[in-house]
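A.B. asks: One structure follows; several queries about it will come next.
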Ligand code: SF4
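Numbering (the numbering used here), first residue to last: 536 to 903.
Structure (structure tokens):
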């Protein structure tokens with residue numbers, strides 16, 4: 536079991552509690568711990584110690600981004616995928632999935648609608664769909680940049696060659712999201728078919744950073760077989776790699792996968808990792824994910840309280856949005872885009888945060 540003290544709401548002995556508080560304070564100040572120190576925290580921390588961690592994480596967030604929550608308009612451009620991640624409802628061998636692909640015109644029309652609603656930052660997400668060749672994407676990115684010079688797009692369409700990432704970067708793309716899913720090669724191999732390699736995933740992330748992208752990584756909480764030792768590897772990876780963004784989401788089983796009967800990760804487990812990552816990297820852009828809101832109706836607010844400060848309202852046309860089902864029961868506010876955005880702003884503001892429909896830059900960003 537991961538995070539037993541959090542899961543079982545353990546009240547620690549005084550000396551253990553003090554050890555945890557000391558490590559949390561050290562992390563929030565130096566942004567660095569050793570593997571055995573992370574493991575101690577994950578093995579011991581209970582709700583009391585987490586409350587201390589959360590306060591540190593939120594204070595770091597406030598000191599850099601204030602109460603802003605960055606809005607990014609999510610467009611799920613294709614649900615076709617050549618890959619076979621065992622936990623994902625879009626894996627290529629799921630014959631029951633209804634497949635769709637948006638045309639370039641439909642993507643740009645959705646961007647136009649998002650722009651009209653106030654968005655200046657977009658995420659184009661999809662499976663690994665061979666239709667989206669470099670040539671097609673370069674054309675699409677160039678059109679987007681020419682039509683919306685003050686806007687940015689983050690692309691999230693999986694593993695590609697270095698040459699491909701370079702071509703897209705040269706066309707004007709500068710943000711790419713590729714969750715590493717787990718920094719443990721052994722766990723990775725239990726969650727993916729032999730055709731997928733952890734080494735290639737890491738190669739992609741390093742190529743992206745080397746080229747100059749703002750890179751988003753990210754990992755799953757409580758997929759089958761995960762241990763605290765695996766999570767330590769994720770924390771050490773974030774500490775070393777220093778991504779600009781990190782998507783941390785609970786594992787949620789999908790009925791058409793081999794993990795259909797496995798337990799999901801909880802919001803409480805997820806926010807502990809969110810807060811730890813915030814303390815490791817104070818400037819990192821951290822989404823309070825849709826998956827968090829799916830496993831717990833308080834999930835989003837728990838995410839903000841732990842240092843989350845990005846949301847991605849779904850702009851994908853409602854008639855196809857329901858088919859982008861990575862996990863079951865995706866909470867996607869299944870309305871028209873305008874209604875979706877209104878509800879998202881209302882939620883964020885009712886919790887005491889400020890909805891920022893801006894580029895949502897990382898704190899290190901400097902105008903060129
Ligand atoms: S997680 Fe991504 S790459 Fe893996 S099967 Fe799902 S859509 Fe494809």
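Virtual Cβ for every residue (Gly too), placed ideally from N, Cα, C.
Is there contact here, the segment 843-856 with the segment 554-567, by at least three beta-carbon pairs under 8 Å?
C.D. replies: no
A.B. asks: Can you give the Cα-Cα distance for residue 662 and residue 625, rounded to whole angstroms?
C.D. replies: Indexing the chain shown from 1 puts residue 662 at position 127. Indexing the chain shown from 1 puts residue 625 at position 90. In a straight line, the C-alpha of residue 662 is about 7 Å away from that of residue 625.
A.B. asks: Spatial neighbours of residue 836 within its chain, please: CB distance less than 6 Å, with the 5 preceding and 5 following residues excluded, ordered by chain position.
C.D. replies: Translated into the one-based positions of the chain shown, residue 836 becomes position 301. Around residue 836: 886.
A.B. asks: Look at residue 609 and residue 849 and say whether their C-beta atoms are less than 7 Å apart.
C.D. replies: On the chain shown, position 74 is the one that residue 609 refers to. On the chain shown, position 314 is the one that residue 849 refers to. Going by C-beta atoms, residue 609 is nearer than 7 Å to residue 849.
A.B. asks: Between the beta-carbon of residue 749 and the beta-carbon of residue 710, is there less than 7 Å?
C.D. replies: For the purposes of this step, residue 749 is taken as residue 214 along the chain shown, with counting starting at 1. For the purposes of this step, residue 710 is taken as residue 175 along the chain shown, with counting starting at 1. Yes, the pair counts as a contact, with Cβ atoms nearer than the cut-off.
A.B. asks: Is the beta carbon of residue 751 within less than 6 Å of some heavy atom of the ligand SF4?
C.D. replies: In the chain shown, counting from the first residue as 1, residue 751 sits at position 216. Because no heavy atom of the ligand SF4 lies under 6 Å away, the Cβ of residue 751 does not count as near it: no.
A.B. asks: Skipping 5 residues on each side, what residues in its chain have a beta carbon closer than 6 Å to that of residue 903?
C.D. replies: Along the chain shown, read from residue 1 onward, the residue named residue 903 stands at position 368. Low local confidence applies: a pLDDT of 47 at residue 903 is under 50, so the model's placement there is unreliable, with the coordinate-based value given in what follows. Excluding positions up to five away in sequence, the list is empty.
A.B. asks: From 888, 766, 693, pick the residue whose C-alpha is nearest to that of residue 713; which is it?
C.D. replies: Locating residue 713 in the chain shown gives position 178, counting from the first residue. Answer by Cα proximity: 693.
A.B. asks: Taking the alpha carbon of residue 760 as the reference point, which residue from 799, 729, 776 has its own alpha carbon closest?
C.D. replies: To locate residue 760, count along the chain shown from 1; it is residue 225. For the residues 799, 729, 776, the minimum Cα distance to residue 760 belongs to 799.
A.B. asks: Where are the alpha helix (DSSP H) runs, 4 residues long or more, that stay fully inside the segment 725-793, in chain order?
C.D. replies: At a cut-off of 4 residues, the continuous stretches assigned as alpha helix (DSSP H) that sit fully inside the segment 725-793 are 733-746, 763-776.
A.B. asks: Between the alpha carbons of residue 876 and residue 888, how many angstroms are there, rounded?
C.D. replies: Locating residue 876 in the chain shown gives position 341, where the first residue counts as 1. Locating residue 888 in the chain shown gives position 353, where the first residue counts as 1. Approximately 15 Å, taken between the alpha carbons.
A.B. asks: Consider the C-beta atom of residue 662 and the heavy atoms of the ligand SF4; say whether any pair is separated by less than 6 Å.
C.D. replies: In the chain shown, counting from the first residue as 1, residue 662 sits at position 127. Result yes, Cβ under 6 Å from the ligand SF4.
A.B. asks: Mind listing, in chain order, the continuous alpha helix (DSSP H) runs of no fewer than 4 residues lying wholly within the segment 848-890?
C.D. replies: 853-856, 872-885
A.B. asks: Just to confirm, are residue 752 and residue 715 a CB contact at a threshold of 7 Å?
C.D. replies: Taking the first residue of the chain shown as position 1, residue 752 is located at position 217. Taking the first residue of the chain shown as position 1, residue 715 is located at position 180. The answer is yes: Cβ separation under 7 Å.
A.B. asks: For residue 840, count neighbouring Cβ atoms within 10 angstroms of its own Cβ and tell me buried if that reaches 16, exposed if not.
C.D. replies: Here residue 840 corresponds to residue number 305 of the chain shown, with the count starting at 1. By the 10 Å Cβ count, residue 840 comes out buried.
A.B. asks: Can you give me the C-alpha to C-alpha distance between residue 892 and residue 672, rounded to a whole angstrom?
C.D. replies: Residue mapping note: residue 892 aligns to position 357 of the chain shown, counting from 1. Residue mapping note: residue 672 aligns to position 137 of the chain shown, counting from 1. So the two alpha carbons sit approximately 25 Å from each other.
A.B. asks: Who are the near neighbours of residue 735 in its chain, counting only those whose CB is closer than 8 Å to its CB and skipping five residues on each side?
C.D. replies: The count along the chain shown starts at 1 and reaches residue 735 at position 200. If the five residues before and after residue 735 are omitted, its C-beta is found closer than 8 Å to the C-beta atoms of 694, all from its own chain and listed in chain order.
A.B. asks: State the start and end residues of the unbroken beta strand (DSSP E) segment that holds residue 603.
C.D. replies: Residue mapping note: residue 603 aligns to position 68 of the chain shown, counting from 1. That run of the beta strand (DSSP E) goes 603-606.
A.B. asks: Looking at the secondary structure, which residues open and close the beta strand (DSSP E) in which residue 691 lies?
C.D. replies: For the purposes of this step, residue 691 is taken as the residue at position 156 of the chain shown. Residue 691 -> beta strand (DSSP E) spans 687-691.
A.B. asks: What is the rounded straight-line gap between the Cα of residue 843 and the Cα of residue 823?
C.D. replies: If you number the chain shown from 1, residue 843 lands on position 308. If you number the chain shown from 1, residue 823 lands on position 288. Each residue's alpha carbon lies about 5 Å from the other.
A.B. asks: Can we say the segment 616-630 touches the segment 763-777, given the rule of at least three CB pairs closer than 8 Å?
C.D. replies: no
A.B. asks: Hey, could you find the ends of the beta strand (DSSP E) residue 710 is sitting in?
C.D. replies: For the purposes of this step, residue 710 is taken as the residue at position 175 of the chain shown. Per DSSP, the continuous beta strand (DSSP E) segment holding residue 710 begins and ends at 710-712.
A.B. asks: Between residue 693 and the ligand SF4, is there a pair consisting of the residue's CB and a ligand heavy atom that are separated by less than 6 Å?
C.D. replies: Numbered from 1 along the chain shown, position 158 holds the residue referred to as residue 693. Answer for residue 693: yes, Cβ within range of the ligand SF4.
A.B. asks: Can you list, in chain order, the residues of its chain with a C-beta nearer than 7 Å to that of residue 708? Leave out the 5 residues immediately preceding and following it.
C.D. replies: As a first step, residue 708 is located in the chain shown; it is residue number 173 there, counting from the start. Taking residue 708 as the centre and dropping the five residues before and after it, the same chain places the C-beta of 676, 688, 690 closer than 7 Å to its C-beta, in chain order.
A.B. asks: Just grab the DSSP bridge partners of residue 820 for me.
C.D. replies: Residue numbering aside, residue 820 sits at position 285 when the chain shown is read from its first letter. BP columns for residue 820 point to 780.
A.B. asks: Comparing the CB of residue 618 with every heavy atom of the ligand SF4, is any distance shorter than 6 Å?
C.D. replies: Translated into positions along the chain shown, residue 618 becomes position 83. Residue 618 Cβ: within cutoff of the ligand SF4.
A.B. asks: Within 10 Å of its beta-carbon, does residue 550 have 16 or more other beta-carbons around it, so buried, or fewer, so exposed?
C.D. replies: As a position in the chain shown, residue 550 is number 15, starting the count at 1. Exposed is the call here.
A.B. asks: Compute the Euclidean distance between the alpha carbons of residue 781 and residue 821, then round it to the nearest angstrom.
C.D. replies: Start at 1 with the first residue of the chain shown, and residue 781 comes out as number 246. Start at 1 with the first residue of the chain shown, and residue 821 comes out as number 286. Each residue's alpha carbon lies about 6 Å from the other.
A.B. asks: What alpha helix (DSSP H) runs, 4 residues minimum, are completely inside the segment 559-589?
C.D. replies: 570-579
A.B. asks: Drop a sphere of 10 angstroms on the beta-carbon of residue 546, count the other beta-carbons inside from all chains shown, and report buried for 16 or more, exposed for fewer.
C.D. replies: Residue 546 sits at position 11 when you count from the first residue of the chain shown. Answer is exposed; the Cβ neighbour count stays below 16.
A.B. asks: Can you have a look at residue 879 and say buried or exposed, based on whether 16 or more other CB atoms are within 10 angstroms of its CB?
C.D. replies: Walking along the chain shown from the start, residue 879 turns up at place 344. Buried, by the Cβ-count rule.
A.B. asks: Just to confirm the assignment, what range does the alpha helix (DSSP H) spanning residue 804 have?
C.D. replies: For the purposes of this step, residue 804 is identified with residue 269 of the chain shown, where counting begins at 1. Residue range 802-815 is occupied by the alpha helix (DSSP H) that includes residue 804.
A.B. asks: Assign residue 546 to one of three DSSP states: helix, strand, or coil.
C.D. replies: By 1-based counting over the chain shown, the position of residue 546 is 11. Secondary structure of residue 546 (DSSP, three-state): coil.
A.B. asks: Could you give the first and the last residue of the continuous alpha helix (DSSP H) run that contains residue 661?
C.D. replies: On the chain shown, residue 661 is found 126 positions in, with the first residue counted as 1. That residue, residue 661, is in no alpha helix (DSSP H); its beta strand (DSSP E) goes 656-661.
A.B. asks: Is it buried or exposed, residue 674, if we count other Cβ atoms within 10 angstroms and call 16 or more buried?
C.D. replies: Taking the chain shown and counting its residues from 1, the one referred to as residue 674 is at position 139. Answer is exposed; the Cβ neighbour count stays below 16.
A.B. asks: In three-state DSSP terms, what is residue 610?
C.D. replies: One-based indexing of the chain shown puts residue 610 at position 75. If DSSP states are grouped into helix, strand and coil, residue 610 belongs with the strands.
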